[in-house]
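**Q**
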């Protein structure tokens with residue numbers, strides 16, 4: 001037949017209509033109603049692999065798909081930059097996970113996917129913070145203890161954990177309300193409050 005299509009041959013008709021893509025059994029993907037697996041790990045009929053569109057992120061770890069795992073156990077020192085403008089618009093893809101701005105770590109998608117953020121985030125020890133801690137050295141009680149812990153952490157890591165700084169900020173603000181804003185506690189509360197916003 002020299003390359004001609006026999007209109008009575010059912011396989012020739014379907015091959016022409018479906019772009020000629022056939023599996024070894026003579027059926028196209030469209031005829032079988034299922035997408036064939038690409039790899040041995042993927043069961044027939046599942047969504048195609050791929051996905052993950054991230055417009056910004058600001059942290060570590062992402063997981064997509066069956067049994068995917070991601071973990072971030074890093075150490076970051078510095079402040080998260082302020083959000084500039086609206087989050088990017090990202091379209092979801094087959095296989096999952098679209099972000100479009102996220103200022104922390106982790107994220108997961110799909111059955112049994114896990115994303116864990118165990119990272120330590122420290123706020124940078126600015127000269128203003130160090131000066132505020134120096135003012136608090138003579139304080140007693142909880143304020144003095146919290147300030148000493150923050151100083152020790154800065155000496156060991158170069159930064160201070162946000163939670164520790166929040167606690168110190170609350171303690172200094174409370175002390176400043178009881179004895180006056182112009183005290184060492186009041187000045188420190190102002191500096192720490194400014195760093196946390």
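Numbering (the UniProt record's numbering), first residue to last: 1 to 197. Don't be surprised by glycine CBs; every beta carbon is placed ideally from N, CA and C.
Find the nearest neighbour of residue 127 within the set 139, 159, 114, 144, judged by alpha-carbon distance.
**A** For the residues 139, 159, 114, 144, the minimum Cα distance to residue 127 belongs to 159.
**Q** Buried or exposed: where does residue 134 fall if 16 or more other Cβ atoms within 10 Å of its Cβ makes it buried?
**A** Looking at its Cβ environment, which holds fewer than 16 other Cβ atoms inside 10 Å, residue 134 is exposed.
**Q** Taking only the alpha-carbon atoms, compute the straight-line gap between residue 34 and residue 64 and give it to the nearest angstrom.
**A** Residue confidence is low: residue 34 scores 43 on pLDDT, short of 50, so the model does not pin down where it sits. No coordinate-derived value is stated.
**Q** How far does the alpha helix (DSSP H) with residue 131 in it reach, from first residue to last?
**A** Unbroken alpha helix (DSSP H) run through residue 131: 127-136.
**Q** In whole angstroms, what separates the C-alpha of residue 32 from that of residue 72?
**A** Low confidence applies to residue 32: its pLDDT is 41, below 50, so where it sits in the model is not reliable, and the reading given next is rough at best. Each residue's Cα considered, the two are about 42 Å apart.
**Q** Residues in its own chain within less than 8 Å of residue 167 by CB, not counting five upstream and five downstream?
**A** Correct list, in chain order: 146.
**Q** Starting from residue 65, follow its DSSP beta bridges and name the residues at the other end.
**A** DSSP lists no partner for residue 65.
**Q** Any chance the segment 176-191 sits against the segment 111-125, with 3 or more Cβ pairs inside 8 Å?
**A** Touching, no, given that fewer than three Cβ pairs across the two stretches are closer than 8 Å.
**Q** Please state if the CB of residue 136 and the CB of residue 169 are separated by a distance shorter than 8 Å.
**A** Not closer than 8 Å, so no.
**Q** What's the gap between the Cα of residue 116 and the Cα of residue 162?
**A** Approximately 19 Å, taken between the alpha carbons.
**Q** From residue 164 to residue 177, what distance separates their C-alpha atoms?
**A** Cα-Cα distance, rounded: 20 Å.
**Q** Check for me: the beta strand (DSSP E) holding residue 121 runs from which residue to which?
**A** Its beta strand (DSSP E) spans residues 120-124.
**Q** With a threshold of 7 Å on Cβ separation, who are the neighbours of residue 199 within its own chain once the five nearest residues in sequence on each side are excluded?
**A** No answer is possible for residue 199: it lies beyond the span of the chain, which begins at 1 and ends at 197.
**Q** Can you check whether the CB of residue 112 is closer than 8 Å to the CB of residue 66?
**A** A contact, by the Cβ cut-off of 8 Å.
**Q** Is residue 113 helix, strand or coil by DSSP?
**A** Three-state DSSP puts residue 113 in coil, outside helix and strand.
**Q** Can you have a look at residue 140 and say buried or exposed, based on whether 16 or more other CB atoms are within 10 angstroms of its CB?
**A** Under this definition residue 140 is an exposed residue.
**Q** Just grab the DSSP bridge partners of residue 160 for me.
**A** 123, per the DSSP bridge assignment.
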